[in-house]
Structure formats: structure tokens, C-alpha cells
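Enquirer:
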Amino acid sequence: MNDSIKVFAPATVANVACGFDIFGFAVDNPGDELVLRKTNAKGVKINKIEGDEGRLPLEASKNTAGIAIIKFLEAIGAESQGFEMDLKKLMPLGSGLGSSAASSVAGVFAANELLGRPLAQKDLLPFAMEGEFIACGSAHADNVGPSLMGGFTVIRSYDPLDIIQLRTPKELYATIVHPHIEVNTKDARNILKREISLKKTITQMGNVAGLVAGLMLPDYDLISRSLVDVIIEPVRAILIPQFDVVKNAALENGALGCSISGSGPSMFALSKDFDTAQKVGIAMQEGFAKVGIDSDCYVSGINQAGPVVIG
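Residue 102 in the UniProt record's numbering sits at position 102 of the sequence shown, and the numbers go up by one each step.
(1) Would you check if the segment 34-41 and the segment 71-80 touch, i.e. whether three or more CB-CB distances between them fall below 8 Å?
(2) In the DSSP output, which residue or residues are listed as bridge partners for T175?
(3) Return the Cβ separation of M91 and A65 in integer angstroms, given the expectation that the two are a contact with Cβ distance under 8 Å.
(4) Assuming V16 is part of the beta strand (DSSP E), what are its boundary residues?
(5) Using only the alpha-carbon positions, how far apart do residue 317 and K290 sit?
(6) Using the rule of at least 16 other Cβ atoms within 10 Å of the residue's Cβ for burial, across every protein chain shown, is K247 buried or exposed?
(7) Check the DSSP bridge columns for K88 and list the partner residues they point to.
(8) So A106 packs on D32, CB below 8 Å; how close in whole Å?
(9) What are the partner residues of A26, as DSSP defines its beta bridges?
(10) For H180, does the count of other Cβ atoms within 10 angstroms reach 16, so buried, or fall short, so exposed?
(11) Since L166 is in the beta strand (DSSP E), which residue starts that stretch and which ends it?
(12) Between I22 and I155, is the Cβ-Cβ spacing less than 8 Å?
(13) Would you list, in sequence order, the uninterrupted alpha helix (DSSP H) runs of no fewer than 4 residues that lie entirely inside the UniProt domain "GHMP kinase C-terminal" (220-288)?
(14) Quick one: Cα of V309 to Cα of V7, how far?
(15) Measure the C-alpha to C-alpha separation of L215 and D229 and round it to an integer number of angstroms.
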């Protein structure tokens, strides 16, 4: 049994337009890398964090990866087992790409691997969700679900927790553009309306059902018609400069749909082939550049693997 392990956990796109807090999918890049080592001393120690500009806590109980491991050890009755970790953030904080979720997943996945997999991978989800609670005050699973399990996931229920993995077309590609601005997840949740009209609810339910059906058939026209958010996007779009310009650029260049990734400011688009996805990314970046906003662009298929051991 190894005493150390290096793992990668992928970034994610949550909500996927119409599926607030219930839809999410994993991407090949970016993501987080984490090295975890067994120690003789009790407790979880974080030695260093790279790529966070010194903003993340080194205290394990206040860190998303740290708390996920702590809760995992408590659940399996292994509190005496000690760990130390090095975390490397390969994505920006507050980006809407599931940064906190990737760290949580990397931590608990690595711990489970080092201890000989006492739990099935899907059973690690509640511990990863503890990291999300630390990060934003809400233990939602639309980022940690796909990051841990891979693919496109549906959170059917939180009580009891019920997560479904959907097959997606192999030709489906995601374009993610992250403008160099930051949107705080808590702020993005606080501006949401607490009540919505019956009319909008019905429209959104139709789009949710349509997107699920479109992915499974597969039917690209149905996917395109269903990638519409009439509840969350209109509110959060005001937090992202050039939102309408960037979205229209994506659609005009062949994207099936375009919306906000998670709480933003990253925006995602889905396309039915790699070349279109690349073209869409260039157009989206040009939209931000018109007002002097630099951005990063990632083009990826739907990551089906979730976290992996890389060393």
C-alpha cells in the first residue's frame, strides 16, 4: 500500500443553463492537483497551496479539501490516521468552474485511495459536499457530483441524496471562457429571487426535461432549444460585463447554447463538434476583449473519468 498519492480532480460547469443546483458536467481542463501523504501524527495538515495567491486557509478545518478528508475519516472511524497535503490550484478562484469542489473531491478521493478504498467512490459525495458548505454556505452537489463521478450528472434529490449520471453524445464539446473578473458565489446566490412565477417555472421545467431528453437521444436541435434559463440567468447576467455580447457571439458562431457557468463569471457554450467549439471560444473572447477584459479559454469534451491518480 502506498503512503503517498497524487491526484487530479476536474473543473465543472454547474447549472447548465436551465438546471439550477441540479445539473452539472465535468471537463478535462482546468482542475486541481493534490498530493496526499500518510503521517504518524493524528490530524490533517496542509503544507502548502499553490496558485491561490495566498487566499485559501491552510487550517484544514477551514479548507475545502481539508474538511472533506476530516469528515471522511470521522465517518469510517479512522480519526487516528494522519495526513499531510500539498494542493495546487490550476484554475482561478471565484471563476464559476467549481474550484472549491475540485479541491474537495481531490482530497477525499486521495484519502479513500490511500486507505484502500473503504468506500465506493459515489459514497464519497457527502464528504465533498462538506467542502462546498465551507466555501459558500450551501452544501450543493452540482459541482462535486460531476467532479467526483465524471460525466453529466442530475441531482434528483438532496433528501435523500439521489444523483443520476446521463450519457452524453461523444461529439458534444464544451467551450468555457473565464473573463478576468471575479464573482463571489455567496453574492451571486444572495441576489436571486426567492419566489418565481408559475409561468416561468413551467417554462424552466420544460427546458430541464428537454435537455435531458436531448442528451440521451441524442438530439442536438432539442439540446439547443432547451439550453435556456428564464429564472437565474436574467438575474446573474448583470454581474458579468458584456454578457449579452459574448452570448450572442457564441450563438452566431454555431454554439448550441450559451449561459453562465455556475455562479459566474465564466461562461460556457456547448457545440456539436470540436472545430465549432474552438471557433466559439475565439468569438467569446473577442466579445470580452472589446471592453478590455482579458480571458482564458478552455475547450473540452465531457470528462467521463472524474478524479484520477496521476502519480
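Quick reminder that beta carbons are idealized off the backbone N, C-alpha and C, glycines included.
Expert: Quick look at the numbers:
(1) no
(2) A269, V299
(3) At roughly 14 Å, the Cβ-Cβ gap does not stay under 8 Å, so M91 and A65 are not in contact.
(4) Per DSSP, V16 belongs to no beta strand (DSSP E) and is neither H nor E.
(5) This structure cannot speak to residue 317, because the chain is shown only from 1 to 311.
(6) buried
(7) E33, E50
(8) 5 Å between Cβ atoms; contact.
(9) T12
(10) It counts as exposed.
(11) 161-166
(12) yes
(13) Taking only runs of at least 4 residues, the alpha helix (DSSP H) segments lying wholly in the UniProt domain "GHMP kinase C-terminal" (220-288) are 220-226, 233-236, 243-252.
(14) Roughly 4 Å separates the two Cα atoms.
(15) 17 Å
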